[in-house]
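For reference, the structure discussed in these notes is given below.
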Amino acid sequence: MARSVEREKRSKHLTEEWVGRVYTLICVGLLVLTIFSMVYFVASKGLSTFFKDGVNPIDLFTGVKWAPEGEPPLFGALPFIVGSFSTSILAALIAAPLGFCAAVFIVELMPKFGRKVLQPVIELLAGIPSVVYGFVGLSVIVPFFRDIFPGQGLGLAAGGVVLSIMILPTITTIATDALAALPAGLKEGSYALGSTRWQTIYRIVLPTTLPALLTGIVLGIARAFGEALAVQMVIGNAPHIPTSLFESASTLTSAITLSMGNTIMGTAHNNALWTLALILLTMTFVFVFIVRWLERRSKV
Amino acid sequence: MQVLIDIKNLDLYYGEFHALKKVSMSIPEKAITAFIGPSGCGKSTLLRTLNRMNDMIPGTRIEGSIRVGDTDIYGSDVDVETLRKKVGMVFQQPNPFPKSIYDNVAYGPRLHGITKKHELDEIVEKSLRSAALWDEVKDHLKRSALSISGGQQQRLCIARALAVNPDVLLMDEATSALDPISTLKIEELAQELKDRYTIVMVTHNMHQAARVSNQTVFFLNGEVIEYADTEKLFSNPTDQRTEDYISGRFG
Chain A
1 MARSVEREKR
11 SKHLTEEWVG
21 RVYTLICVGL
31 LVLTIFSMVY
41 FVASKGLSTF
51 FKDGVNPIDL
61 FTGVKWAPEG
71 EPPLFGALPF
81 IVGSFSTSIL
91 AALIAAPLGF
101 CAAVFIVELM
111 PKFGRKVLQP
121 VIELLAGIPS
131 VVYGFVGLSV
141 IVPFFRDIFP
151 GQGLGLAAGG
161 VVLSIMILPT
171 ITTIATDALA
181 ALPAGLKEGS
191 YALGSTRWQT
201 IYRIVLPTTL
211 PALLTGIVLG
221 IARAFGEALA
231 VQMVIGNAPH
241 IPTSLFESAS
251 TLTSAITLSM
261 GNTIMGTAHN
271 NALWTLALIL
281 LTMTFVFVFI
291 VRWLERRSKV
Chain B
1001 MQVLIDIKNL
1011 DLYYGEFHAL
1021 KKVSMSIPEK
1031 AITAFIGPSG
1041 CGKSTLLRTL
1051 NRMNDMIPGT
1061 RIEGSIRVGD
1071 TDIYGSDVDV
1081 ETLRKKVGMV
1091 FQQPNPFPKS
1101 IYDNVAYGPR
1111 LHGITKKHEL
1121 DEIVEKSLRS
1131 AALWDEVKDH
1141 LKRSALSISG
1151 GQQQRLCIAR
1161 ALAVNPDVLL
1171 MDEATSALDP
1181 ISTLKIEELA
1191 QELKDRYTIV
1201 MVTHNMHQAA
1211 RVSNQTVFFL
1221 NGEVIEYADT
1231 EKLFSNPTDQ
1241 RTEDYISGRF
1251 G
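First to last, the sequence lines map onto chains A and B.
Counting in my numbering, the first sequence runs from 1 upward without gaps.
Counting in my numbering, the second sequence runs from 1001 upward without gaps.
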């Protein structure tokens, strides 16, 4: 009797074990399958521009004229690539110093107020839908630039400013975590040698947390790079390389969202948009790899 | 012996908590004074008032006076950074900066405005020699300070403290994270350094206090129970509580 009870218990454990293992395996399998099929789909579509439609990759990456419906059709994607990189980097240039300062304030200067008020407020920025950012950008930032600088106000500068607000929470949160995780002994050691608070921040806190701070910047750039709607609303969407920050421009994302509804699956124009998507995807992978590499470095 | 640090009627509060009660003592120059007592008795707290590291803990309040040399270190005209330059500190956990060995030692002098390379080179060598670390690291000064052993790191921290040319060296349980051999090295080092510096050490280890110090102060619940020459305190304590503690009856 006792023996059979034991056996029953054991087999129940085995079932639970088995169910749990199979369930997780299925979930992981689905996840991997989704990722791979997406990459495969984007890549097969995007690469058919080169293989099926016979577009020279060099022309695509260096050409400055985008006229997919023209005669002959031209697929120069350089303006979009330049637009995407310059808006993202501009956004990072604006947001990084602000984010660092916010983090220093939250962790070092006024921890109580910072942790309770400032940090939640900044994190709230992450929850605002991008269409709202775009709308605000269009109604506030664009007219502001239009009044001060020559041009329509639409352009890289407006895009960069809108994006910088959007990526501020990413950079601030990561920087705050990094500063807070700094071993207390390092700062004490510095103070004990007679350094002031700012000397300690410049000479110990910032250099030690630099890899983590860079991680935040790269993640911010990655987010800015992939953002479509808000940028599209304020950048002007002219497919050329602008000569000034206040001249209408385009990004990879805005080019895709603007034309995807107007093309037919399988045509050269549609495939060319997939190529832009493939470039976006590849760049995202590159950003992820950079972040990984930085994180590995910060552990040493 | 000349008195260097003079503490009079010192009361310290962390918020509501009365951490030090009417502490008075004088610490002699160029000797080792050890603070002993059970955990939470206030010995580290007192040590950290000597270079005002407690300033950074919110809610700390101090009454009474501490003089180092002829300065009242809690006086309104005192520059905390200058004080900390004069009163160096070594912590429980070795805390070298994640920089090279050279840059660790040069950190303090650079803070205080020394930038010429030959001057820095000289200070670095002198400090590392004083901390009995020079021979071990002289061939790889550019290597990361995190790559050397814990005992070497702690001696590096001592060298780093000596590099700003202090009068006093505070050691806050500086050997409690180290193995016995590294501990012994630090103790020997303290013996050598006491000819040039006034050393105040907090230790958990009574035997260490007995081995290295000239004076010993016994703390209990924020009060100084007994303060005497080390030999006398350990062989012939006047207070019953001191005797109970050093004979291992509590703590």
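Ideal Cβ positions, reconstructed from N, Cα and C, are used throughout, including at glycine.
Just the chain B side, please: which residues come within less than 8 Å of residue i by C-beta, in chain order?
i: residue 196 of chain A; result: 1081
Could you tell me which chain A residues have their CB closer than 8 Å to the CB of residue i, listed as they occur along the chain?
i: residue 1160 of chain B; result: 189 and 193
So, residue i versus residue j, is the Cβ gap smaller than 9 Å?
i: residue 1200 of chain B; j: residue 1062 of chain B; result: no
i: residue 170 of chain A; j: residue 114 of chain A; result: no
i: residue 249 of chain A; j: residue 236 of chain A; result: yes
i: residue 48 of chain A; j: residue 271 of chain A; result: yes
i: residue 125 of chain A; j: residue 106 of chain A; result: no
i: residue 230 of chain A; j: residue 283 of chain A; result: no
i: residue 141 of chain A; j: residue 161 of chain A; result: yes
i: residue 257 of chain A; j: residue 228 of chain A; result: yes
i: residue 1021 of chain B; j: residue 1226 of chain B; result: no
i: residue 1230 of chain B; j: residue 1210 of chain B; result: yes
i: residue 83 of chain A; j: residue 159 of chain A; result: yes
i: residue 1218 of chain B; j: residue 189 of chain A; result: no
i: residue 1143 of chain B; j: residue 1100 of chain B; result: yes
i: residue 1161 of chain B; j: residue 1113 of chain B; result: no
i: residue 252 of chain A; j: residue 280 of chain A; result: yes
i: residue 215 of chain A; j: residue 108 of chain A; result: no
i: residue 1132 of chain B; j: residue 1103 of chain B; result: no
i: residue 1089 of chain B; j: residue 1169 of chain B; result: yes
i: residue 1030 of chain B; j: residue 1198 of chain B; result: yes
i: residue 1189 of chain B; j: residue 1041 of chain B; result: no
i: residue 241 of chain A; j: residue 68 of chain A; result: no
Does any residue of chain B have a CB that is nearer than 9 Å to the CB of residue i?
i: residue 241 of chain A; result: no
i: residue 129 of chain A; result: no
i: residue 120 of chain A; result: no
i: residue 183 of chain A; result: yes
Nearest chain A C-beta to residue i closer than 9 Å, yes or no?
i: residue 1068 of chain B; result: no
i: residue 1185 of chain B; result: no
i: residue 1085 of chain B; result: yes
i: residue 1093 of chain B; result: yes
i: residue 1151 of chain B; result: no
i: residue 1089 of chain B; result: yes
i: residue 1056 of chain B; result: yes
Can you confirm whether residue i, when its beta carbon is compared against all beta carbons of chain E, has any partner nearer than 9 Å?
i: residue 1041 of chain B; result: This model lacks chain E altogether, as its protein chains are A and B.
What in chain A is Cβ-close to residue i, meaning under 7 Å?
i: residue 1164 of chain B; result: 193 and 194
i: residue 1051 of chain B; result: 192
Taking residue i as the reference, give the member of the options with the closest Cα.
i: residue 1185 of chain B; options: B:1208, B:1164 and B:1165; result: B:1208
i: residue 1105 of chain B; options: B:1055, B:1163, B:1048 and B:1076; result: B:1163
i: residue 224 of chain A; options: A:156, A:108 and A:24; result: A:156
i: residue 1009 of chain B; options: B:1016, B:1003, B:1148 and B:1026; result: B:1026
i: residue 57 of chain A; options: A:215, A:278, A:293 and A:191; result: A:278
i: residue 1171 of chain B; options: B:1202, B:1125, B:1206 and B:1147; result: B:1202
i: residue 213 of chain A; options: A:181, A:132 and A:241; result: A:181
i: residue 176 of chain A; options: A:133, A:186 and A:110; result: A:110
i: residue 222 of chain A; options: A:179, A:207, A:143 and A:288; result: A:288
i: residue 41 of chain A; options: A:266, A:197 and A:153; result: A:266
i: residue 1147 of chain B; options: B:1244, B:1014, B:1029 and B:1097; result: B:1097
i: residue 1250 of chain B; options: B:1016, B:1128, B:1204 and B:1007; result: B:1204
i: residue 139 of chain A; options: A:27, A:243, A:234 and A:262; result: A:234
i: residue 1166 of chain B; options: B:1086, B:1095, B:1126 and B:1005; result: B:1086
Does the beta-carbon of residue i have 16 or more other beta-carbons within 10 angstroms, so that it is buried, or is it exposed?
i: residue 1153 of chain B; result: buried
i: residue 1001 of chain B; result: exposed
i: residue 14 of chain A; result: exposed
i: residue 232 of chain A; result: buried
i: residue 985 of chain B; result: Residue 985 of chain B falls outside the range modelled here, since chain B spans only 1001 to 1251, and no answer is possible.
i: residue 37 of chain A; result: exposed
i: residue 273 of chain A; result: buried
i: residue 1048 of chain B; result: buried
i: residue 1118 of chain B; result: exposed
i: residue 102 of chain A; result: buried
i: residue 184 of chain A; result: exposed
i: residue 300 of chain A; result: Because residue 300 of chain A carries a pLDDT of 49, less than 50, the predicted location of this residue cannot be relied on, and the following value inherits that uncertainty. Residue 300 of chain A should be labelled exposed.
i: residue 1141 of chain B; result: buried
Could you work out which residues of chain B lie near residue i, taking near to mean beta carbons separated by less than 7 Å?
i: residue 199 of chain A; result: 1111
For residue i, go through chain B and note every residue whose CB falls closer than 9 Å to its CB, in chain order.
i: residue 114 of chain A; result: None at all; the shortest Cβ gap to chain B is about 14 Å.
I want to verify the contact list: residues of chain A whose CB lies under 9 Å from the CB of residue i, in sequence order.
i: residue 1097 of chain B; result: 186, 189, 190, 203, 204, 207 and 208
i: residue 1107 of chain B; result: 189, 190, 193, 195, 203 and 204
Would you say residue i touches the ligand GDP, meaning its beta carbon is less than 8 Å from a heavy atom?
i: residue 181 of chain A; result: The ligand GDP is absent from the structure shown, which contains no ligand whatsoever.
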